[in-house]
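Before any comments, here is the structure.
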Amino acid sequence: MVYILPSDFGIPSIPYLIGILICAGTIAMVLWKYEIRIDEDLIISLIPWMAFGASLRVVEVVGAGGGDSRRIISFLLGNPTVYITTFVILGCVWSMILLFKKDQIAEKILIVSGLIGFGTTMVVLSRGGWSNPAWSVAGLVVALVVSILVWEAIKRKSAEIPKVLGSTGLLVILGQTLDGISTAIGIDILNFREQTPISQMILDIGASLPTANIIGVSWLFVCVKIVLAIALVFLFVDYTKEKPLYARILLIVMIAIGIGPGMHNLILYSVVG
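Residue numbering for the sequence shown follows the working numbering, starting at 67 and increasing by one per position.
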């Protein structure tokens with residue numbers, strides 16, 4: 067049998083699951099009713115929230131902020147429940163923006179509130195001390211540089227892509243690249259273990275190649291992630307022109323499933339030896 071779900075994947079008990087799904091569904095309906103405008107600026111404003119969700123997951127992984135309070139809410143911080151939890155918190159903030167008719171500064175409020183959430187969580191995590199922050203910073207910088215280079219190459223290949231997708235295309239590239247490079251740092255340098263079976267299969271192929279003893283086993287995984295990101299960017303051009311709203315919603319998901327795990331890795335490396 068081939069497993070495709072991460073080893074830490076798990077859902078809370080049925081009552082808790084139903085409760086959080088009802089909350090998420092209610093918020094989704096409220097946001098949909100207000101016909102929120104989804105553009106580049108809004109998507110960018112969600113990046114801090116993706117980092118916030120990743121940091122919340124690390125809180126549960128390392129057991130930071132111990133005590134009864136964390137144990138009570140631990141079911142909200144599992145994988146993948148933590149991402150629904152993050153959406154619910156985001157939706158509450160967003161609903162308040164709509165309630166007080168602050169639509170014109172919604173992006174600024176979302177950025178600031180996301181950064182506050184992320185910063186608060188990092189303060190909680192830092193109480194246990196830092197471990198490998200230099201590698202985390204290096205991974206983020208390398209991912210940014212590689213993403214920009216790939217994006218510039220795409221722009222040279224097709225002038226239509228940046229025109230249609232704008233900076234959203236770059237964020238898709240960044241998400242997958244960050245996930246790939248952060249995984250490579252964890253596997254080849256810090257001796258972490260990959261938890262996703264499909265990713266592990268790619269790493270195993272890399273380990274079987276003659277280059278494994280020279281440049282590590284993760285280079286193939288990084289290349290696969292970058293190629294995947296490029297493919298997504300090209301595939302979404304026509305869909306964005308035909309159905310911009312639905313395409314941008316899916317692009318947000320694509321960005322989140324890259325930046326979320328990537329930031330989770332980097333934060334985890336910073337606080338776990």
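Just so you know, even glycine gets a beta-carbon here, dropped at the ideal spot from N, CA and C. Everything numeric in this text was worked out from a predicted model, so none of it was measured.
Query	Result
Distance CB(VAL230)-CB(ILE296) smaller than 9 Å	no
Three-pair Cβ contact test at 8 Å for the stretch 240–258 versus the stretch 327–337	yes
Cβ-based neighbour list, VAL110, same chain, cut-off 7 Å, excluding 5 preceding and 5 following	Note on residue identity: the sequence assigns Ile, not Val, to residue 110. The residues are SER233.
Pick from ILE264, THR277, SER284, LYS174 that is closest to ASN257, judged by C-alpha positions	SER284
9 Å Cβ cutoff, ILE163 in contact with chain C	No chain C is present in this structure, which holds just one protein chain.
DSSP state of PRO114 mapped onto helix, strand, coil	helix
Test item: CB-CB of SER274 and ILE239 under 9 Å	no
LYS291 versus LEU334, VAL203, THR243, residue with shortest Cα-Cα distance	THR243
Assumed close pair PHE184, PHE118 - CB separation to whole angstroms, cut-off 8 Å	4 Å
Sufficient close CB pairs (3 or more, under 8 Å) joining the stretch 88–97 to the stretch 144–163	yes
Minimum length 4: unbroken alpha helix (DSSP H) runs contained in the stretch 214–290	226–231, 233–250, 263–274, 278–281
Beta-carbon gap between GLY180 and TRP115 smaller than 9 Å	yes
Exposed unless 16 or more other CB atoms sit within 10 angstroms - verdict on THR186	exposed
Through-space distance from LYS168 to LEU287, alpha-carbon basis	The sequence shown places Phe at residue 287, rather than the Leu named in the question. Looking at the two C-alpha atoms, the distance is approximately 43 Å.
Member of ILE323, GLU226, ILE281 whose CA lies at the smallest distance from the CA of THR306	GLU226
Beta carbon of ILE88 nearer than 9 Å to that of THR151	no
VAL338 (DSSP reduced to helix, strand or coil)	coil
C-beta contact flag for MET320 and PHE300 at 9 Å	no
First through last residue of the alpha helix (DSSP H) which encompasses PHE166	Run containing PHE166: none; DSSP gives neither H nor E here.
Within 9 Å, strictly: CB atoms of SER311 and ILE104	Before going further, note that residue 311 is Leu rather than Ser in the sequence given. Cβ atoms of LEU311 and ILE104: closer than 9 Å.
Proximity of VAL338 and VAL127 at Cβ, strictly below 9 Å	yes
Whole-Å CB distance - LEU332 paired with GLY205, under 8 Å assumed	5 Å
Distance between ASP245 and PRO263 (C-alpha atoms, nearest Å)	15 Å
Whole-angstrom distance between LYS309 and SER202, CA atom to CA atom	37 Å
Backbone secondary structure at ARG314 - three-state DSSP	helix
Status (buried if at least 16 other CB within 10 Å, exposed otherwise) for VAL189	exposed
Cβ-Cβ separation, LEU112 to LEU143 (assumed contact under 8 Å), whole Å	Not quite, the Cβ-Cβ distance comes to about 20 Å (not below 8 Å), so this is no contact.
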